[in-house]
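Numbering (our numbering), first residue to last: 911 to 1412.
The beta-carbon is built from N, C-alpha and C at its ideal position, and this holds for glycine as well.
First the structure, in the form of structure tokens, and then the observations on it.
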Ligand code: SF4
């Protein structure tokens, strides 16, 4: 029997064709992620609540069946739409004015989700339900709704779903109709952490030294390298060629992340420098890390590590509930204003965004806080290449000796811990989050110190090498016994040699 093309498979194709292929063609359905379970449970509860309410407030609410569809009941619940090998679950169908194969009315779909905000994937799922409904009633629903867990209904225009879905449905249809379909190539991507096949794909990627192990290597980038005969991270590592600055060009080249150099760093197990990190350190410094629930746009934990000379002190500002966010924010602002000259180090774009949002929400002076923020990632991106697969704080942190108490500590895992806290108020989850956040602050401090150490002593650190084309070290470095350009020329030549011998 041919497998059904369900909403789950269609959405999976948009996230990663390989995921859709495995769901459709493999007997192994993987291990669903705990967070996906949580969202599904919230979705189910949301749908039940809404339908209960509908049944109490509307007269003609019927379970979905073809008979009730033809009869023209006002609301049909728990619909299982099925047409020619396609199937979709749809919480509610609502009768609206119009013309369809059933008479002077047609139906529009409503989908229930386990989130507050609406995602592109949920819109795609709704659009697929609209497509099946169009096939059943021979007219397309002009709109549908997505109902969030706060009960808010988001209207989505549907229009011509068939055309929009064709690029997804055609390859899926081909897989179920040919005898031995070819699986799509393995390309690790941003959806992997939530995917049921993560373990399987990651093991395979490691085994084949897949290019997509490196952060920044997308399907398109992979295809470009494959055209050059480059299929593995190791092969990629021989491709790095330091570029010399064009003669007469005064402008430094734009800073870009070079995956070839990342691959070389991994192969040689060395830190490569394209540019020296130039941090200016201060007598008092703050290392900040924040946790929130992006779906709600709320924040519940701010960790600050205060470093003065050899002493460090850690502070955690915690919100027990959504209503406590303001108090948490105020504690943070009061605390950081005690150190007006101290820079606030953070990693990536999450903290600046969070601080801007919270400052706006609670009418604080966003500008003076923003001025003090120092993104440590900015000293690494395109400049310092650690021998790890990504520039994430966890990857680099593990390399430089930072540790996390929970082996699975991550932003995604923190959402699960917070959900468990919200539903049980068990102090274990709060403590786990406080520890995780404090360890992120410490990892950030360690990384900042590591960069300063590289800045001071790159020329004598055995695990650090310069790989710089057309780069002139700052003059001050020469005065302190800085060795390139000769050293740099040597590395340049050896890299070219490696590339030639490959
Ligand atoms: S783990 Fe990643 S690569 Fe593998 S199927 Fe899932 S999303 Fe695709």
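Beta-carbon proximity of residue i to residue j, cut-off 9 Å
i, j, result
"residue 926", "residue 1097", "yes"
"residue 1041", "residue 1063", "no"
"residue 1203", "residue 1104", "no"
"residue 1173", "residue 1124", "yes"
"residue 1314", "residue 1289", "no"
"residue 1186", "residue 1363", "no"
"residue 1059", "residue 1024", "yes"
"residue 1183", "residue 1293", "yes"
"residue 1189", "residue 1284", "yes"
"residue 1328", "residue 1210", "yes"
"residue 1358", "residue 1291", "no"
"residue 1050", "residue 1065", "no"
"residue 1413", "residue 1236", "Limits of the chain in this structure are 911 at one end and 1412 at the other, which puts residue 1413 out of reach."
"residue 1140", "residue 1373", "no"
"residue 1020", "residue 1003", "yes"
"residue 984", "residue 971", "yes"
"residue 1245", "residue 1260", "no"
"residue 1197", "residue 1214", "yes"
"residue 1027", "residue 1205", "yes"
"residue 1276", "residue 1266", "yes"
"residue 935", "residue 1095", "no"
"residue 1280", "residue 1262", "yes"
"residue 1257", "residue 1287", "yes"
"residue 1335", "residue 1230", "yes"
"residue 1053", "residue 1099", "no"
"residue 914", "residue 965", "no"
"residue 1001", "residue 1057", "yes"
Sequence-distant residues of its chain with Cβ nearer than 7 Å to residue i (five each side left out)
i, result
"residue 924", "1031, 1034 and 1078"
"residue 912", "995 and 1086"
"residue 875", "In this structure the chain extends from 911 to 1412, so residue 875 is not present and cannot be described."
"residue 1047", "1010, 1011, 1012, 1016 and 1017"
"residue 1107", "929, 932 and 940"
"residue 946", "1104"
"residue 1223", "1216"
"residue 1008", "1015, 1016 and 1049"
"residue 1191", "1362"
"residue 1389", "Here the model assigns residue 1389 a pLDDT of 33, short of 50, so the residue's position is not dependable and the matter cannot be decided."
Residues near residue i in its chain [Cβ-Cβ closer than 6 Å; skip 5 each side]
i, result
"residue 1179", "1297"
"residue 1212", "1200, 1227 and 1242"
"residue 1038", "917, 920 and 998"
"residue 956", "1022 and 1059"
"residue 1312", "1353 and 1356"
"residue 922", "929, 930 and 933"
"residue 1175", "1182, 1295 and 1297"
"residue 1075", "1041"
"residue 1351", "1197, 1199, 1213 and 1215"
"residue 1381", "Unreliable placement is indicated for residue 1381, whose pLDDT of 45 sits below 50; the coordinate value is still reported in the next sentence. Excluding residues within five positions, none has a Cβ falling inside 6 Å."
"residue 942", "1106"
Cutoff 8 Å; reference residue i; Cβ partners in own chain excluding five residues on either side
i, result
"residue 1101", "925, 926 and 929"
"residue 1084", "1091"
"residue 1167", "1126, 1291, 1292 and 1301"
"residue 1131", "1121 and 1169"
"residue 1308", "1298"
"residue 968", "984 and 985"
Test item, CB below 5 Å from any non-hydrogen atom of the ligand SF4: 926, 928, 929, 1101, 1102, 1105, 1107, 1108 and 1111
Segments of 4+ residues assigned as alpha helix (DSSP H) that fall wholly inside the stretch 940–981: 944–967 and 976–981
Those runs of the beta strand (DSSP E) which lie wholly inside the stretch 1059–1108 and span at least 3 residues: 1063–1067
Contained alpha helix (DSSP H) runs [length at least 4] in the stretch 1322–1374, N- to C-terminal order: 1337–1367
Whole runs of the alpha helix (DSSP H) within the stretch 1216–1257, excluding any shorter than 4 residues: 1235–1247
Complete beta strand (DSSP E) runs within the stretch 1109–1140 (minimum length 3 residues, chain order): none
Secondary structure, alpha helix (DSSP H): runs of 4+ residues fully inside the stretch 1021–1066: 1030–1047
Contiguous alpha helix (DSSP H) assignments of at least 4 residues, all confined to the stretch 1250–1309: 1260–1271 and 1276–1282
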